[in-house]
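Participant: Quick one: the structure is below, questions incoming.
2 protein chains.
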Amino acid sequence: MPTLQDVARIAGVSRSTVSRVINDHPSVDPRTRRRVQRAIKQCGYRPHAIARSLATKRTRIIGMIIPEAVSRLFTDPYFALMLRGATDACNRSGYQLILSLFTASVDSKTMHDRIVHNGYVDGVLTANTCLDDGLVPRLLDTGIPFVTIGRHPDARVSYVDVDNIGGARMATEFLIHLGHKRIGTITGPLNMTPAQDRLTGFLKAMGDNGLPVPDALIVEGDFTEAGGRAAMARLLEERPTAVFVASDSLAIGAVKAIQGAGLRVPEDISVIGFDDLPSAASLEPALTTVHQPIEGLAQLAVEVLIDRLKRRVQNGIAVQRVVLPTELMVRRSCTRPS
Amino acid sequence: MPTLQDVARIAGVSRSTVSRVINDHPSVDPRTRRRVQRAIKQCGYRPHAIARSLATKRTRIIGMIIPEAVSRLFTDPYFALMLRGATDACNRSGYQLILSLFTASVDSKTMHDRIVHNGYVDGVLTANTCLDDGLVPRLLDTGIPFVTIGRHPDARVSYVDVDNIGGARMATEFLIHLGHKRIGTITGPLNMTPAQDRLTGFLKAMGDNGLPVPDALIVEGDFTEAGGRAAMARLLEERPTAVFVASDSLAIGAVKAIQGAGLRVPEDISVIGFDDLPSAASLEPALTTVHQPIEGLAQLAVEVLIDRLKRRVQNGIAVQRVVLPTELMVRRSCTRPS
DNA sequence: TTGTACGCGTTATCAT
DNA sequence: ATGATAACGCGTACAA
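Heads up: the sequence lines are chains V and B, in that order.
Those letters in the first sequence? Residues 40 to 377, per the working numbering, in order.
Those letters in the second sequence? Residues 40 to 377, per the working numbering, in order.
This is the structure:
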């Protein structure tokens with residue numbers, strides 16, 4: 040592999056000049072610039088990223104950390120879409136993405152150290168961390184630039200999120216407008232902010248419309264289909280006419296539980312989900328749900344992070360937060376109460 | 040951040056000695072070793088990966104390349120499981136994984152160059168590349184160590200794969216033993232080796248048992264649910280009593296098409312899939328399918344790659360190939376012909 | 001066993 | 001505008 044030195048020899052200039060050409064430094068004579076560029080082409084020179092990183096202290100690599108709790112949701116397309124969005128945004132801006140999933144073989148602290156302290160990453164993206172896994176505090180402590188996908192209560196963290204509260208409220212109000220009064224909800228794990236927020240939105244809609252929500256109509260699930268099935272089984276005893284389910288995976292399980300009990304969706308019970316997974320439209324019945332732009336959210340997260348990385352050279356390190364709107368996808372799984 | 044120099048000062052030795060301690064070099068006095076280790080603890084020294092890489096020319100980073108064609112299958116849990124396996128194996132061996140998905144924003148050649156030529160990755164893992172996307176030839180050309188997940192016909196490539204031919208044959212023979220004679224198949228995209236191999240296994244089983252396979256009983260799909268639905272719609276006209284479907288996603292679509300036509304699975308048509316996705320067991324009816332160890336396959340791929348990276352220092356660069364067995368998961372979607 | 005000195009490929013500072 | 005020269009942090013022959 041040719042180096043700066045080689046190019047310099049061929050072009051008959053010094054390394055410094057070649058370096059300037061490569062980095063688009065303004066003060067270099069147009070003629071020598073062309074000479075150097077020819078030399079670069081000729082010997083097939085490509086800058087060595089590692090050497091460059093050693094000198095600049097920047098790698099153009101960002102680390103994506105996904106804790107164990109979420110990687111359990113692995114069978115959920117959510118994860119794949121997020122990754123697609125993140126890598127796509129990275130591609131666009133010439134960054135690379137190092138992926139690290141917490142798995143059983145290595146604990147959270149070790150992973151964090153390996154990612155953060157080895158100097159390979161300029162910044163970190165982290166998705167849907169639980170409130171209690173200690174990752175965010177550690178990141179704050181380290182001082183490495185990071186952005187979370189999904190809000191975090193700490194005032195110092197920058198995040199991107201979708202309007203979970205608004206989306207949940209919108210979904211619930213849709214049920215209310217259809218005429219439902221006895222509405223239940225299946226929540227996600229309440230140690231995750233999206234689950235909390237969707238419950239909040241649900242309760243707000245119900246409260247605003249003067250509808251009571253007895254405790255028995257709120258069942259906590261775990262964002263999986265099996266969890267949805269189990270939660271719905273319990274909810275069935277309370278005979279709601281409609282259910283707001285905090286994720287599509289949960290909703291799929293809930294629908295199966297309803298059908299398994301010999302009831303029909305939506306004739307006996309209306310079901311509305313959250314996420315708008317690719318499969319939601321082709322379920323039987325097609326699932327009414329709240330669309331969230333997962334891929335776009337991840338893209339945005341990367342952009343915000345890169346923006347922070349650039350600003351850091353200056354001193355404008357104010358917290359950045361962006362919340363994206365959701366959208367109601369009306370399909371067949373909801374109808375008026377009979 | 041403290042450097043070798045700092046540690047050396049504190050311990051009262053030279054940088055070289057500290058370096059030796061860190062790299063477990065044998066020839067260093069136990070007493071000085073302890074002194075150095077104390078110094079390291081004291082100032083919280085951590086080796087700087089980039090500087091180290093510049094000197095050793097190794098990064099302990101492997102790049103995972105997934106071409107566009109596969110990233111379309113994104114909604115398939117296959118992808119997530121593969122990633123989980125790969126990252127897990129990386130964690131275990133102290134490697135990092137740089138993920139790069141080919142997306143619309145950047146073409147294949149550019150991506151390849153960015154990954155391979157910048158010196159950030161020691162080796163490359165690539166999943167299910169199409170035969171015609173040119174990635175493998177480029178990798179061979181570059182000379183970078185790589186392993187593909189899924190076999191590749193070129194004699195120079197190392198790969199790990201599951202026994203697609205054997206699995207398909209096993210599935211087909213299961214149908215034959217049940218008494219089926221008129222058996223159709225829905226294949227994957229035939230520019231991908233797994234799709235080819237599964238078709239081969241199917242044909243072999245049929246041939247070995249003296250069963251004819253008219254062309255009309257072979258329909259090419261694209262590994263998606265929608266594709267399965269469309270393919271099955273065509274296949275229905277031929278009235279097979281059983282169908283071997285080359286993937287579970289396809290099979291899910293096929294089942295829906297059958298049910299949509301007012302027929303029952305398995306009473307009217309038996310369906311057998313391939314993959315054993317997590318959802319296969321909870322479908323209605325539960326899907327009989329061929330289990331393939333996706334996560335384990337990815338782990339293995341990482342291990343083989345790392346093995347090659349280590350051997351490369353020596354000269355044993357023989358091609359390595361491993362094929363993992365599959366397993367038949369008998370569930371409800373197959374029965375004897377009526 | 002330990003230290004010296006050089007190299008890894010760039011960037012950046014300072015003269016010229 | 002260009003060219004020495006010193007970092008960047010570490011590994012490693014080689015010498016001691």
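Don't be surprised by glycine CBs; every beta carbon is placed ideally from N, CA and C.
Being a predicted model, the structure only gives us computed values, none of them experimental.
#1: Any Cβ of chain V within less than 7 Å of the Cβ of B:H87?
#2: Nearest CA to the CA of B:I257: which residue from B:D247, B:G249, B:M271 and B:A265?
#3: Give every residue of the same chain whose Cβ lies closer than 6 Å to the Cβ of V:D261, excluding the five residues on either side of it in the sequence, and list them in chain order.
#4: Using the beta-carbon count (16 or more within 10 Å), is B:L316 buried or exposed?
#5: Since V:Y117 is in the alpha helix (DSSP H), which residue starts that stretch and which ends it?
#6: Return no unless some Cβ of chain B is closer than 7 Å to the Cβ of V:S92.
#7: Considering only residues of the same chain and omitting the five flanking positions on each side of B:R389, which have a CB-CB separation below 8 Å?
#8: Can you look up B:G260 in the DSSP assignment and give me helix, strand or coil?
#9: Please confirm whether any heavy atom of the ligand GTP lies closer than 6 Å to the CB of B:V199.
#10: Just checking my contact of V:G124 with V:A337 at CB under 8 Å: how many whole Å lie between their CB atoms?
#11: Taking the C-alpha atoms as reference points, what is the distance between V:E306 and V:I204?
#12: Applying the 10 Å Cβ sphere with the 16-neighbour rule, what's the burial state of B:E276?
#13: Would you give the residue range spanned by the alpha helix (DSSP H) that V:L136 belongs to?
#14: Got a sec: is the Cβ-Cβ distance from V:F118 to anything in chain B below 7 Å?
#15: With DSSP as the reference, label V:R72 as helix, strand or coil.
#16: Leaving aside the five residues before and after V:V52 along the sequence, list all residues of the same chain whose C-beta is less than 7 Å from its C-beta, in chain order.
#17: Does the stretch 137-156 of chain B touch the stretch 78-95 of chain B, meaning 3 or more C-beta pairs lie closer than 8 Å?
#18: Looking at B:V329: is its Cβ nearer than 7 Å to the Cβ of B:A234?
#19: Can you give me the C-alpha to C-alpha distance between B:L122 and V:L217, rounded to a whole angstrom?
#20: Let me make sure I understand the geometry here. Which of B:N230, B:R371 and B:D200 has the alpha-carbon closest to that of B:Q359?
#21: For B:M40, count the other beta carbons within 10 Å of its own beta carbon; 16 or more makes it buried, fewer makes it exposed. Which is it?
#22: Does the Cβ-Cβ distance between B:I100 and B:Q135 come in under 7 Å?
#23: Helix, strand or coil for B:S288 per DSSP?
#24: CA-CA distance, B:K295 and B:G173?
#25: Taking the C-alpha atoms as reference points, what is the distance between B:R190 and B:D202?
#26: Please say whether B:G158 and V:I89 have beta carbons closer to each other than 7 Å?
#27: Label B:D180 either buried or exposed according to how many other C-beta atoms from any shown protein chain fall within 10 Å of its C-beta, with 16 as the threshold for buried.
#28: If you check the beta carbons only, do V:R414 and V:A244 fall under 7 Å apart?
#29: Buried or exposed for B:I356, going by 16 or more other Cβ atoms inside 10 Å?
#30: Please say whether B:V304 and B:A290 have beta carbons closer to each other than 7 Å?
#31: Compare the C-beta of B:G158 with all C-beta atoms of chain V and state if any pair is closer than 7 Å.
#32: Classify B:D314: buried if its beta carbon has 16 or more other beta carbons within 10 angstroms, exposed otherwise.
#33: Name the one or two DSSP bridge partners that V:H330 has.
#34: Quick check on V:I137 - is its C-beta less than 7 Å from some C-beta in chain B?
#35: Going by beta carbon distance, what residues of the same chain come within less than 7 Å of V:I61, once the five residues before and after it are set aside?
#36: Between the C-alpha atoms of V:A50 and B:G102, what's the straight-line distance to the nearest angstrom?
Facilitator: According to the structure data:
#1: yes
#2: B:M271
#3: P228
#4: buried
#5: P116 to S132
#6: yes
#7: Residue 389 of chain B falls outside the range modelled here, since chain B spans only 40 to 377, and no answer is possible.
#8: coil
#9: The model on display carries no ligand, and the ligand GTP is accordingly not part of it.
#10: 3 Å
#11: 27 Å
#12: exposed
#13: Per DSSP, V:L136 belongs to no alpha helix (DSSP H); it is in the beta strand (DSSP E), Q135 to L140.
#14: yes
#15: helix
#16: T71 and V75
#17: no
#18: no
#19: 43 Å
#20: B:D200
#21: exposed
#22: yes
#23: helix
#24: 36 Å
#25: 10 Å
#26: yes
#27: exposed
#28: Residue 414 of chain V lies beyond the stretch modelled for chain V, which goes from 40 to 377, so this question has no answer here.
#29: exposed
#30: no
#31: yes
#32: buried
#33: V:D314 and V:E366
#34: yes
#35: P86
#36: 34 Å
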